[in-house]
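Positions 1 to 146 (full-length UniProt numbering) are the ones given, in order, by the sequence shown.
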Amino acid sequence: MKNSRYIVVVGCGRLGSHLANCLSRDGNSVVVIDRVEMTLNDLSPDFSGFRINGDATHMAVLKEAKLKNADVLIATTHEDNVNLMVAQVAKKIFHVPHVLARVFDPKREEVYAQLGIDTICPTSVAAGMFLQAVANGGKGQNGTSP
């Protein structure tokens, strides 16, 4: 396996499970944490990583995920405060080199940036794409009308 990384994904909803499946398929060692056990069933049958049913805001759960060994942590829960807290703990306590978090409120992106946490804000991304489509006369990303 070339460039295999140890990646912890917090949140196994649509985004978290999709990322975990793709990262696992690409040959990475992936651990997924979610407090709702049923969501772990969203992982594909070929997902080769580990599933942890637990609350990632609890240190014991992060230790169980061996977060101290992680190259990357991705926080994808539906709660900005949970994502921020888990991302901060990963960065400051477990010294994870690359920490990414989904943030829904664009106003919070700056706070995350000041803490050295990379963010993806679906609201900002979608707004940018809509604005670009409007500027292009209604043409979508691929140059066709929606």
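Backbone N, C-alpha and C define an ideal beta-carbon position, used for all residues, glycine too.
Would you mind sorting leucine 73 into buried or exposed? The rule is 16 or more other CB atoms within 10 Å of its CB. With 16 or more other CB atoms across the displayed protein chains lying within 10 angstroms of its CB, leucine 73 is buried.
Once DSSP output is grouped into helix, strand and coil, what is the label at threonine 123? helix
How big is the Cα-Cα spacing for arginine 102 and isoleucine 33? 15 angstroms
Who are the Cβ neighbours of serine 4 in its own chain at under 6 angstroms, not counting the five residues just before and after it? Gly27 and Asn28
Per-residue DSSP class, three states only, for arginine 51: strand
Might you give, ordered along the chain, the residues of its own chain that have their beta carbon closer than 7 angstroms to the beta carbon of threonine 77, omitting 5 neighbours on each side? Val10, Gly11 and Asn83
For threonine 119, count the other beta carbons within 10 Å of its own beta carbon; 16 or more makes it buried, fewer makes it exposed. Which is it? buried
Segment limits, beta strand (DSSP E) that includes histidine 98: 98-102
Spatial distance of lysine 91 from glycine 137 (CA atoms): 43 angstroms
Spatial neighbours of tyrosine 6 in its chain, beta-carbon cut-off 7 angstroms, leaving aside the 5 residues before and after: Ser29, Asn69, Ala70 and Asp71
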